[in-house]
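Inspection log for the structure reproduced underneath, given as C-alpha cells.
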Amino acid sequence: MANVFDTAKYILEKSGTMSTMKLQKLCYYSQAWANGPVCPELFFKTKGKYSVSAKDETGGEENLTDDQKDTIDKVLEHYGIHDAQWLSQLTHMEDPWMKAREGVPFGMGCNNIITKESMALYYGGL
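Mind the numbering: the sequence shown is residues 1 to 126 in my numbering, read in order.
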C-alpha cells in the first residue's frame, strides 16, 4: 500500500529538488493522505531542512499504482510550476482547509483532519 513517502519520492524524482513546503503542498494535492495540507509524518521527517531531493526520501515508485502515478503526474503538471508560498496560499483559500479550521483562531495551529470526503467533494467539482 502506498504512503506519503512513496508519493514524496515519486514527486521528487519527477520534479527534482524543491522546498519542503512545496513538497508538502504537492503531496496534499495528490491526495496522498487524510490529514490536511501538512502531513505530520512527512513534516517531522523533513523538519529543519529547507529543501529536499529524491535521495532524501525512503519511499518508492513501485508502491504506487498506475492510477496513483497518473494523479500525481496531473498534479505536477498543474501545480508543480508554482512556488511553495503560492501553493500554501491556495490551499488556505479552499473549502477543505477552511472547513477543517472552522472555529480555530487565525494563526493558531490545529490537528483537525481534512477528510477525503471533503477533498473529493471540493476537488471533484473543479
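By construction, the Cβ of each residue, glycine as well, lies at the ideal position given by its N, Cα and C atoms.
message: Relative to the C-alpha of Leu87, which candidate in Gln24, Asp70, Glu77 and Glu41 has its C-alpha closest?
response: Gln24
field: Selection from Leu26, Asn63 and Leu121 that minimises the alpha carbon distance to Leu76
entry: Leu26
task: To the nearest angstrom, report how far apart Glu57 and Lys99 are at their CA atoms.
output: 31 Å
field: Ser88, DSSP secondary structure in three states
entry: helix
query: Which same chain residues, not among the five before or five after Lys49, have their C-beta less than 6 Å away from its C-beta?
result: Thr20
message: Can you find the residues in the same chain that come closer than 6 Å, C-beta to C-beta, to Gly80, ignoring five residues on each side of it along the sequence?
response: Ser15
- prompt: Are the Cβ atoms of Asp83 and Lys9 separated by less than 8 Å?
  reply: no
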